[in-house]
Amino acid sequence: MAHLPPNAAIFSPSVARAAASAAKDWNFVDSWLAARFRGRAPPPFERNPDTLRALLALVALNEPADEERDLLARAEACALRDAEAWDAARDRDRDRDRDVETDPSAPSSAANLLDDVLDAIEDSLSRDGRSALDALASTAVELGIAYPDAPSLASSLSRLQSQTLELDRAAGRVASLRRHVDASTTRAHALASELRGEAYRSPADLARNNLDVQRALKAAAARLPELEDRVASLAAAVGGGPSPTVEQVRREEVEYLDLLALRNELDARVRSFRGLPPDTDAARRELESLRDELARITQRRDAVFEGLVERETPRKPTR
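Counting in the working numbering, the sequence shown runs from 204 upward without gaps.
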């Protein structure tokens with residue numbers, strides 16, 4: 204948090220987590236710089252996210268290099284101690300050999316002879332041969348083989364290779380599981396952020412609405428006995444006859460539909476007499492006048508049709 208600008212406000216847990224992670228990374232980088240400069244203040248630099256990423260990348264690259272350098276230094280120191288011990292042992296053997304040569308009474312042992320043979324063989328080895336012998340000895344020590352030979356070394360190396368492959372496969376499975384967990388965590392964070400949004404936030408008057416609904420329910424429950432009594436009294440007043448069956452309802456529905464069809468038919472017949480006077484004689488006279496007018500219109504139509512036919516019919520030429 205100390206590396207955030209003073210005007211930066213944290214509005215969500217994700218921002219707080221990012222700030223905490225950045226603070227942790229800055230603390231790690233500061234401790235690494237302090238260890239590098241050893242009491243001296245590091246040069247001033249701008250503390251921003253780009254600088255933090257660059258310093259973290261530098262630390263990530265520097266740590267393996269430091270480990271390799273320390274491992275090489277330890278190996279060189281161990282080799283130097285072995286060389287010094289070997290030189291001291293060879294000097295002691297040479298001194299002992301000189302003492303044996305100068306003292307004829309000292310008996311010669313098979314162990315001294317074996318050491319002499321080994322020293323002679325080692326002295327006659329080339330630089331590559333010594334390197335190969337040292338590598339073979341180091342391999343035997345690492346594999347825990349007291350008396351190494353080609354089959355035992357090959358079996359141990361094969362077993363070590365299979366273990367390495369199995370560990371690589373396990374590391375791949377763990378990495379796949381890690382990616383799956385990270386993806387699930389990301390989806391869970393996104394869902395949590397969505398659920399905390401405005402769309403899923405309860406309205407401000409939810410408590411008041413719940414209280415109103417509870418009051419309405421209590422009032423309805425209080426009126427329920429009164430309504431039941433009223434229903435019972437109405438049923439008693441009606442007579443409380445037996446309830447109609449489904450068949451009775453169906454027959455009554457069919458009869459109602461028949462009556463409705465008859466009514467529609469009568470309405471259609473009555474509409475044909477619409478406009479006539481209510482008196483029977485007057486209505487009859489009106490009907491006769493309408494019939495006479497219809498006859499006149501029919502005669503006129505026939506005359507017009509005959510004239511049209513005569514006009515359109517071609518006439519034969521007279522000779």
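By construction, the Cβ of each residue, glycine as well, lies at the ideal position given by its N, Cα and C atoms.
Item checked: Reduced DSSP category for Ala244 - H, G, I as helix; E, B as strand; rest coil -> Looking at Ala244 - three-state DSSP - the assignment turns out to be coil, as it is neither helix nor strand.
Margin query: Check for me: the alpha helix (DSSP H) holding Tyr459 runs from which residue to which?
Written below: Val449 to Ser475
Check: Taking DSSP as the reference, what is the three-state secondary structure of Ala268?
Finding: helix
Next item on the list: Please check the pair Leu255 and Ala225, which I expect to be a contact at CB under 8 Å, by giving their CB distance rounded to whole angstroms.
Entry: 7 Å
Check: Would you call the CB atoms of Leu346 and Leu370 closer than 9 Å?
Finding: no
Note to self: DSSP three-state label for Asp408, please.
What the structure shows: coil
Check: Whole-angstrom Cβ separation of Ala471 and Pro480, contact assumed at under 8 Å?
Finding: At roughly 21 Å, the Cβ-Cβ gap does not stay under 8 Å, so Ala471 and Pro480 are not in contact.
Notebook entry, point to check: What is the DSSP secondary structure of Leu479, counted as helix, strand or coil?
Noted result: coil
Notebook entry, point to check: When burial is assigned at 16 or more other CB atoms within 10 Å of the CB, is Leu258 buried or exposed?
Noted result: It counts as buried.
Item checked: Alpha-carbon spacing of Ser217 relative to Gly400, whole angstroms -> 14 Å
Check: For the alpha helix (DSSP H) that contains Ala395, what are its first and last residues?
Finding: Ala353 to Leu398
Notebook entry, point to check: In or out: Val232 buried (at least 16 other Cβ within 10 Å) or exposed?
Noted result: buried
Notebook entry, point to check: Whose C-beta lies closer than 8 Å to the C-beta of Arg418 among residues of the same chain, with five residues either side of it excluded?
Noted result: none
Note to self: What would DSSP say about Glu279, mapped onto helix, strand or coil?
What the structure shows: helix
Margin query: Looking at Arg295: is its Cβ nearer than 9 Å to the Cβ of Asp322?
Written below: Not a contact, by the Cβ cut-off of 9 Å.
Check: Do Ala343 and Leu356 have their C-beta atoms within less than 9 Å of each other?
Finding: A contact, by the Cβ cut-off of 9 Å.
Notebook entry, point to check: Just how far apart, CA to CA, sit Asp253 and Ala407?
Noted result: Between Asp253 and Ala407, the C-alpha separation is close to 44 Å.
Check: Would you report the Cα separation of Trp289 and Asp269, rounded to the nearest angstrom?
Finding: 30 Å
Next item on the list: Return the first residue and the last residue of the alpha helix (DSSP H) that Ala335 is part of.
Entry: Arg330 to Leu346
Margin query: According to DSSP, simplified to helix, strand and coil, what is Thr501?
Written below: Thr501 carries a helical assignment under DSSP once its states are collapsed to helix, strand and coil.
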